Amino acid sequence: MVNEQRGEVGRFRTEGSRPRIPANRFGLDYRLEAGAMGRPPCPILDVHAHVNGARAGLIYREVAEAFGVRRVWTQVPLPSAPTMRATLGDFAKFIAFPNFRSEDRERSFREGFLDDIRAFHDEFGAKIVKFWNAPRLRDFFPGAAGKDITELDGVWRVRQAELAQRLGMMFMVHVADPDTWFATKYSNAGVYGAKRDHYRGLEVMMARFPGPWLLAHMGGWAEDLDFLDGLLERHANAYLDTSATKWVVRELSAHAPERVVRFFTRWRGRILFGSDIVTTEEHLAPKQPPKPGERAHPMADLASNPEEAAELYASRYFALRTMFETDY
């Protein structure tokens with residue numbers, strides 16, 4: 326229901342008094358909105374986030390707890406894991422994740438990732454390994470020489486999966502990207518292939534390695550629930566998460582509500598909550614050039630002070646809970 330005079334849709338105001346910024350298009354006070362939402366129907370376990378940075382991590386935890394999150398699984402480079410364990414304690418669990426910011430990505434995504442998988446498992450109790458195989462990986466490792474890592478069933482991915490399986494770990498994978506990106510930034514099919522091509526290696530790996538596979542970002546294809554139905558039918562070890570909030574909220578909202586409800590009802594127990602919230606100390610101050618030998622964080626410019634960081638993180642939980650729990 327819409328109350329135009331009060332600027333309300335469903336159960337929240339659409340015209341708040343706070344400044345309107347990209348992370349807060351309605352100008353809402355997210356702390357008040359979290360309180361108004363009340364407890365979620367069940368405790369929220371966020372299986373997909375990238376919580377990094379001691380101060381940013383504390384800001385994130387305050388936001389997460391306000392929205393009913395009880396635990397988060399975070400993906401950070403191995404050198405950052407001790408800081409995040411000290412900052413978040415038992416609130417956070419770790420996912421073995423490659424070091425994107427390494428100066429030597431050739432190693433960090435291949436043999437170096439084997440070392441990191443072992444360390445994440447042995448030192449930080451990680452039970453999940455993340456394979457990031459977005460089409461953009463082909464920009465890092467171009468051409469035929471990169472196929473040992475850019476193809477999900479490539480030589481190095483198989484070695485990494487074999488190690489994870491020996492350690493009793495499950496798998497998380499980023500496959501494909503939004504349809505809109507394939508129509509624009511990935512329009513060169515000679516480099517990036519067609520979207521459907523990215524699922525060939527995934528299906529090979531899910532058949533070869535029988536452990537659970539958590540397919541991030543609604544399996545990379547929130548736009549096509551029929552395709553996801555087929556994927557889940559063919560592979561009993563496939564699961565989805567709802568991370569990549571902006572993408573997933575946009576595309577799930579484009580479907581008829583009854584279609585989404587039917588999909589989530591059918592696959593109850595195989596769809597997990599995820600946000601893909603990214604936190605970094607670089608959100609807490611105006612953007613600066615990276616130090617010598619460091620890579621700039623690709624999302625550093627999304628916030629420039631602690632208040633903006635809190636709004637950025639809150640916006641993701643607010644959007645997901647609003648979509649799932651209200652009629653907006």
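Read left to right, the sequence shown gives residues 326 to 653 (the working numbering).
The beta-carbon is built from N, C-alpha and C at its ideal position, and this holds for glycine as well.
None of these values were measured; they are calculated from a predicted model.
query                                                                                                                                                        : result
State the Cα-Cα distance for the pair P402 and R380, rounded to the nearest angstrom.                                                                        : 17 Å
Which of the three DSSP states, helix, strand or coil, is assigned to H608?                                                                                  : helix
Quick check on this structure: which residue in P404, S512, T475 and Q400 has the alpha carbon closest to the alpha carbon of R435?                          : T475
Where does M657 sit, in a helix, a strand or coil, going by DSSP?                                                                                            : Residue 657 cannot be examined here, being either before or after the span of the chain that is shown, 326 to 653.
Is the CB-CB distance between N513 and W538 below 8 Å?                                                                                                       : no
Taking A417 as the reference, give the member of Q400, A635 and D502 with the closest Cα.                                                                    : Q400
Answer yes or no: do A644 and V586 have a C-beta to C-beta separation smaller than 8 Å?                                                                      : no
Between the alpha carbons of A621 and A541, how many angstroms are there, rounded?                                                                           : 24 Å
Are the Cβ atoms of A391 and A359 separated by less than 8 Å?                                                                                                : yes
Put T339 into one of helix, strand or coil per three-state DSSP.                                                                                             : coil
In three-state DSSP terms, what is T399?                                                                                                                     : strand
To the nearest angstrom, how far is the alpha carbon of F351 from that of T339?                                                                              : 5 Å
Enumerate, from N- to C-terminal direction, the unbroken beta strand (DSSP E) stretches of 3 or more residues contained entirely within the segment 446-497. : 453-458
For L553, report the span of its alpha helix (DSSP H) as first-last.                                                                                         : L550 to R559
Which runs of the beta strand (DSSP E) spanning at least 3 residues fall entirely within the segment 386-434, listed in chain order?                         : 394-399 and 417-421
Between F496 and G536, is the Cβ-Cβ spacing less than 8 Å?                                                                                                   : yes
Distance, Cα to Cα, V376 vs W398?                                                                                                                            : 9 Å
From this set, D464, S427, R461 and F419, which residue's C-alpha is nearest R443's C-alpha?                                                                 : F419
State the Cα-Cα distance for the pair S640 and Y355, rounded to the nearest angstrom.                                                                        : 7 Å
Checking the sheet assignment: what are the DSSP bridge partners for V376?                                                                                   : T604
Relative to the C-alpha of W457, which candidate in D447, D478 and A469 has its C-alpha closest?                                                             : D478
Taking the alpha-carbon positions, what's the D626 to L597 distance?                                                                                         : 29 Å
Could you tell me which of G545, E431 and R395 sits nearest to R521, measuring between CA atoms?                                                             : G545
What do you reckon, are the CB atoms on D554 and H373 nearer than 8 Å?                                                                                       : no
Select from A532, R396 and V394 the residue whose C-alpha is nearest the C-alpha of R559.                                                                    : A532
Quick one: what does DSSP say L439 is sitting in, helix, strand or coil?                                                                                     : helix
Quick one: residues in its chain with C-beta nearer than 7 Å to the C-beta of L609, no 5 flanking neighbours on either side, listed in chain order?          : R380, A381, N630, P631 and A634
Can you name the residues that DSSP bridges to I369?                                                                                                         : V394
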